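Data block below; observations after.
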Amino acid sequence: MPMHFHWIALRYFRETVQARSIRKAAEQINIAPSAVNRQIIKLEEQLTTPLFERSSKGLKLTASGELFYRWVLKSQADLDQTIAEIGDLRGARRGHVVVACEEGIGKDFLPGVIQSFRQTHRHVDFSVCVRDMQDVVTAVAEGEADLGIAFSPAGEARIKRRSEAAVSIGAVMHPAHPLATRGEIKLSDLIGETLIVPDGGFSTRQLFNAQLGGDAELLFARRLETNSFETMTAMIKAGIGIGVRSRIGIAGEIRRRDVVFVPFEARAFPRETVVLIVKAARILPVAGARFAEAVDAALRQVADEHREPGQGEPLELVGGAVRDSV
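Okay, so the sequence shown: first residue is 579 according to the numbering used here, each after it adds one.
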């Protein structure tokens, strides 16, 4: 007799494996962790075999779980292909997506996502509006943009955070600077240096000020301020001072050794988040919804690349429910 699986259960199982955390999978799906765990248990009961090995050290896929996960991925790929073919017949691969984003995101992160997306959606057009963080939020909240991507955007009742990735903040300097050979750096190492910081409209500056409290003016009297990351990068390349920012937006300069990025010591400086936002309660057009999924996947990759040791694993079983051990 054929066995039938509820697609929601398969999705929850897949998201949990990919996120390596029931809690994070639940956040991604926007549902309670207990609901995700119940669906996994139902799958195990239906298959009459454990999908995970549960021990005091945590949780990992069994051999059966690995086989089932491969089948789930194949089934998802087959479904995606079928939906894509139906979309071609209905013209769903055509459309126009408006994205509002901050400067660094528009330089490094977004072009790669669009390029990959257009390989399978060649007839989707884009409008990309580069704005500061608050204007990105406003554009999405007021319906001017379908999607917004910003660094640590401010809360706003009319928007929701769809997906996000935490990234490290560090010091960016000329390769000839004495601190450029460091593996990590402390804020105290920068006392006496000329700092180049974004103005108060950027989340990086807000994190910087929050970390130092009222001591910023005293400790870093030699300071330049700008509302442009491009201008900041140009001043760093000229050897004028040291910038404070994330890697996003200067990937090319780092590869060419025009500048050097030295992260602040782990857990000694707050991390910044790159967040995909959408208008709350709005149903996106087909093209916009597809592109949002592509951004979700790209942010998961960014999160993995910036993950600190031990983050998100191991998983442990507590009281019959799976939860993160960290």
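Glycine included, C-beta positions come from ideal geometry on N, C-alpha and C.
Since this is a predicted model, take the numbers as computed values, not measurements.
Straight-line Cα distance separating residue j from residue i
i    : j    : result
I737 : A754 : 44 Å
A610 : A603 : 9 Å
E871 : I769 : 43 Å
I683 : A728 : 7 Å
F847 : V745 : 11 Å
K638 : E631 : 5 Å
R760 : V840 : 7 Å
P628 : R825 : 42 Å
G830 : S642 : 43 Å
G827 : L621 : 43 Å
L757 : G733 : 36 Å
A844 : D882 : 16 Å
L645 : I619 : 17 Å
T804 : F695 : 33 Å
A743 : L773 : 26 Å
Span of the beta strand (DSSP E), counted from its first residue to its last, around residue i
i    : result
R740 : I737 to V745
F869 : Here F869 belongs to no beta strand (DSSP E); instead the alpha helix (DSSP H) covers V864 to E883.
T851 : E850 to K857
V775 : L773 to P776
I727 : L725 to F729
T640 : Element bounds for T640: n/a, residue is neither H nor E.
Proximity test, residue i beta-carbon vs the ligand GDP heavy atom, cut-off 7 Å
i    : result
R696 : Annotation note on the ligand GDP: not contained in the displayed structure, which lists no ligands.
Anticipated Cβ contact below 8 Å, residue i with residue j, distance rounded
i    : j    : result
D837 : T782 : The displayed chain sequence assigns Val, not Asp, to residue 837. The pair is not a contact, with the Cβ atoms about 16 Å apart (cut-off 8 Å).
I586 : Q617 : 7 Å
I747 : R849 : 7 Å
With 16 other Cβ atoms within 10 Å as the buried cut-off, status of residue i
i    : result
M581 : exposed
L725 : buried
E593 : buried
N615 : buried
S741 : buried
K685 : buried
P689 : exposed
R833 : exposed
L657 : exposed
E697 : Note that residue 697 is Gln in the sequence shown, not Glu. When all chains shown are included, Q697 counts as exposed.
L796 : The predicted position of L796 is uncertain, since its pLDDT is 46 and thus under 50; a value taken from the coordinates is nonetheless stated next. Counting Cβ neighbours within 10 Å, L796 comes out exposed, since fewer than 16 surround it.
Enclosing alpha helix (DSSP H) for residue i [first to last residue]
i    : result
S612 : P611 to L625
G830 : A829 to R833
S694 : L688 to R696
F807 : F807 to K815
I607 : I600 to I607
F842 : It is not in any alpha helix (DSSP H) - F842 carries neither H nor E in the DSSP assignment.
T594 : W585 to A597
Legend entry - Three CB pairs or more closer than 8 Å across the segment 746 to 764 and the segment 809 to 819: Here the segment 746 to 764 lies against the segment 809 to 819, with 3 or more beta-carbon pairs under 8 Å apart.
Legend entry - Inter-stretch contact at 8 Å, needing at least 3 Cβ pairs: the segment 856 to 871 / the segment 690 to 710: Taking 8 Å as the limit for Cβ pairs, the verdict is that the segment 690 to 710 does touch the segment 856 to 871.
Legend entry - the segment 855 to 862 contacting the segment 716 to 735, beta-carbon criterion three pairs below 8 Å: Cβ pair count under 8 Å is three or more, so yes.
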